[in-house]
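**Student:** Protein sequences, first through last, are from chains A and B. Residues 1 to 101 (the working numbering) make up the first sequence, in order. Residues 1 to 183 (the working numbering) make up the second sequence, in order.
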Amino acid sequence: MLLNQFLILAAAMFSLGIYGLLVRRNIVLILLSVELMLAAVNINLIAFESVLRSPEAIGQVFAIFVITVAAAEVGIGLAIVLMIFRNRKSANVDELDLMRW
Amino acid sequence: MSFIDWLGSPVNWVFLVVGLAILFSSWRVVTAKNVVHAALYLVAALGGAAILFLMLSAEFVAWVVVLVYIGAVLVLFLFGIMITRAPTGKDVGLDTPHKTSPALLSVATFVLLSWASIQAFGTTQVESVGEPTSTEVLGIALLGRFVIPFEVVSFVLLAALIGGVTIARRDLTPAEEEERRAV
Chain A
1 MLLNQFLILA
11 AAMFSLGIYG
21 LLVRRNIVLI
31 LLSVELMLAA
41 VNINLIAFES
51 VLRSPEAIGQ
61 VFAIFVITVA
71 AAEVGIGLAI
81 VLMIFRNRKS
91 ANVDELDLMR
101 W
Chain B
1 MSFIDWLGSP
11 VNWVFLVVGL
21 AILFSSWRVV
31 TAKNVVHAAL
41 YLVAALGGAA
51 ILFLMLSAEF
61 VAWVVVLVYI
71 GAVLVLFLFG
81 IMITRAPTGK
91 DVGLDTPHKT
101 SPALLSVATF
111 VLLSWASIQA
121 FGTTQVESVG
131 EPTSTEVLGI
141 ALLGRFVIPF
151 EVVSFVLLAA
161 LIGGVTIARR
171 DLTPAEEEER
181 RAV
């Protein structure tokens, strides 16, 4: 197995995440795209770890940290979505223009 | 190394199948017209990533992904979709009409990232299906060298827990507040 096959797959996944982030209007779908990008980063971390083979498995430890922070981010993100929906009756980002200059 | 040589190793066949499945599901996550379908395709993409982790001998992380993402985060997403009553049927208003520049930006990112990794790593080989990293090694690393980041992350989770409850809670109206005080 080449290292590059994993890196390029992760790059494709990350770019699709960027596309979804910019194209979607619904906040929940934007959060789904962010999850896609974080998963791509995790693939990179694990692939580098399996080449470098550090004695303390540092790449895998960092992947676990990324997963934990992603879980916290989803929790807070959906709480904010819930509050916005309750106040504005909408979950579309282009209708939330209260602070637009 | 030619593509034919690359296909000579059976583990690359597995990679090809899983990789194509991941790409297809990721594509559907960002294009599906149905919100619930997008969330379920994310399950497929993350499941594929977990299989890649198993191939890269990261067993513990693979099962953490299955447990945390597929088990917990996706349930949270489905709750979010249902509570915000996001249009669950076919809906036209999910995407912005301006898709050209996001598509260009994402293609440019892909070209840049893959060019950089081809330049930097060329034909570096991954030890194919080596000895899996034991959970013992990870545990010793987490509670030894990385104990401070580990505690910081646990604090982040606690803050997210309290913050989530506080943000999502409905404020009581003055009348309800009186009523609660009277009890």
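For each residue, glycine too, the CB sits at the ideal point set by N, CA and C. Please read all numbers here as calculations on a predicted model, not as lab measurements.
Are the segment 42 to 60 of chain A and the segment 148 to 159 of chain B touching by the rule of at least three beta carbon pairs closer than 8 Å?
**Tutor:** The segment 42 to 60 of chain A vs the segment 148 to 159 of chain B: no contact.
**Student:** Using 8 Å as the threshold, is the segment 25 to 43 of chain B in touch with the segment 13 to 22 of chain A, meaning 3 or more CB pairs across them?
**Tutor:** Result yes; three or more Cβ-Cβ pairs closer than 8 Å.
**Student:** Evaluate the contact criterion for the segment 69 to 78 of chain A versus the segment 25 to 35 of chain A: three or more CB pairs, one atom per stretch, below 8 Å.
**Tutor:** Yes: the two stretches touch, three or more of their Cβ pairs being nearer than 8 Å.
**Student:** Could you name each continuous alpha helix (DSSP H) segment of 4 residues or more that falls completely within the segment 78 to 139 of chain B, going from the start of the chain to the end?
**Tutor:** For the segment 78 to 139 of chain B, whole alpha helix (DSSP H) runs of length 4 or above, ordered along the chain, are 100 to 121.
**Student:** What whole-angstrom Cβ distance do residue 66(A) and residue 80(B) have, given they're in contact under 8 Å?
**Tutor:** Here residue 66(A) refers to the residue found at position 66 when the first sequence is read from its first residue. Here residue 80(B) refers to the residue found at position 80 when the second sequence is read from its first residue. Residue 66(A) to residue 80(B), Cβ: 21 Å. No contact.
**Student:** If contacts are defined as beta-carbon pairs under 8 Å, then residue 82(A) and residue 83(B) qualify, I think. What distance do you get, rounded to the angstrom?
**Tutor:** Here residue 82(A) is taken as the residue at index 82 of the first sequence, counted from 1. Here residue 83(B) is taken as the residue at index 83 of the second sequence, counted from 1. Yes, residue 82(A) and residue 83(B) are in contact; Cβ-Cβ is about 6 Å, under 8 Å.
**Student:** List, in chain order, every chain B residue whose beta-carbon is nearer than 8 Å to that of residue 76(A).
**Tutor:** In the first sequence, the residue the question calls residue 76(A) occupies position 76. Those are 160, 163, 164 and 167, listed as they occur along chain B.
**Student:** Quick check on residue 99(A) - is its C-beta less than 8 Å from some C-beta in chain B?
**Tutor:** Within the first sequence, numbered from 1, the residue matching residue 99(A) stands at position 99. Chain B contact via Cβ: absent.
**Student:** Could you work out which residues of chain B lie near residue 56(A), taking near to mean beta carbons separated by less than 9 Å?
**Tutor:** Here residue 56(A) refers to the residue found at position 56 when the first sequence is read from its first residue. 137, 138, 140, 141, 144, 145 and 146, listed in chain order.
**Student:** Let's test the definition: count the other Cβ atoms within 10 Å of the Cβ of residue 62(B) and tell me whether it reaches 16, buried, or not, exposed.
**Tutor:** Against the second sequence, residue 62(B) aligns to sequence position 62. Buried, since its Cβ has 16 or more Cβ neighbours within 10 Å.
**Student:** Closer than 8 Å, CB to CB, is residue 87(A) near chain B or not?
**Tutor:** The residue given as residue 87(A) occupies position 87 in the first sequence. Chain B contact via Cβ: absent.
**Student:** Any contact of the segment 131 to 145 of chain B with the segment 53 to 73 of chain B, i.e. 3+ C-beta pairs under 8 Å?
**Tutor:** Touching, yes, given that three or more Cβ pairs across the two stretches are closer than 8 Å.
**Student:** Looking at chain A, is there any beta carbon in it that lies within less than 8 Å of the beta carbon of residue 3(B)?
**Tutor:** For the purposes of this step, residue 3(B) is taken as the residue at position 3 of the second sequence. No, because no Cβ of chain A sits closer than 8 Å to the Cβ of residue 3(B).
**Student:** Note down, in chain order, all residues in the segment 60 to 84 of chain B with a beta-carbon under 8 Å from any beta-carbon belonging to chain A.
**Tutor:** The residues in question are 60, 61, 64, 65, 68, 69, 72, 73, 76, 77, 79, 80, 81, 83 and 84.
**Student:** Quick one: grab the DSSP three-state call for residue 172(B).
**Tutor:** On the second sequence, residue 172(B) is found 172 positions in, with the first residue counted as 1. Coil, per DSSP.
**Student:** Who are the neighbours of residue 13(B) on chain A, taking C-beta pairs under 9 Å?
**Tutor:** Numbered from its first residue, the second sequence carries residue 13(B) at position 13. What residue 13(B) touches in chain A: nothing, since even the nearest Cβ is about 11 Å away.
**Student:** Considering only C-alpha positions, which residue in the set 114(B), 18(B), 149(B) and 33(B) is nearest to residue 20(A)?
**Tutor:** Within the first sequence, residue 20(A) is the residue found at index 20, counting from 1. The shortest Cα separation from residue 20(A) among 114(B), 18(B), 149(B) and 33(B) belongs to 33(B).
**Student:** What residue from 44(A), 80(A) and 70(A) has the CA that sits closest to residue 117(B)'s CA?
**Tutor:** The count along the second sequence starts at 1 and reaches residue 117(B) at position 117. Answer by Cα proximity: 44(A).
**Student:** Can you round the beta-carbon distance between residue 26(A) and residue 79(A) to whole angstroms, since I take them to be within the 8 Å contact cut?
**Tutor:** By one-based count along the first sequence, residue 26(A) stands at place 26. By one-based count along the first sequence, residue 79(A) stands at place 79. That belief does not hold up - the Cβ atoms of residue 26(A) and residue 79(A) are roughly 16 Å apart, past 8 Å.
**Student:** For residue 92(A), list the residues DSSP reports as bridge partners.
**Tutor:** As a first step, residue 92(A) is located in the first sequence; it is residue number 92 there, counting from the start. Residue 92(A) pairs with 26(A).
**Student:** So what's residue 98(A) in DSSP terms, helix, strand or just coil?
**Tutor:** Working through the first sequence from its first residue, we reach residue 98(A) at position 98. In this structure, residue 98(A) counts as coil in the three-state DSSP scheme.
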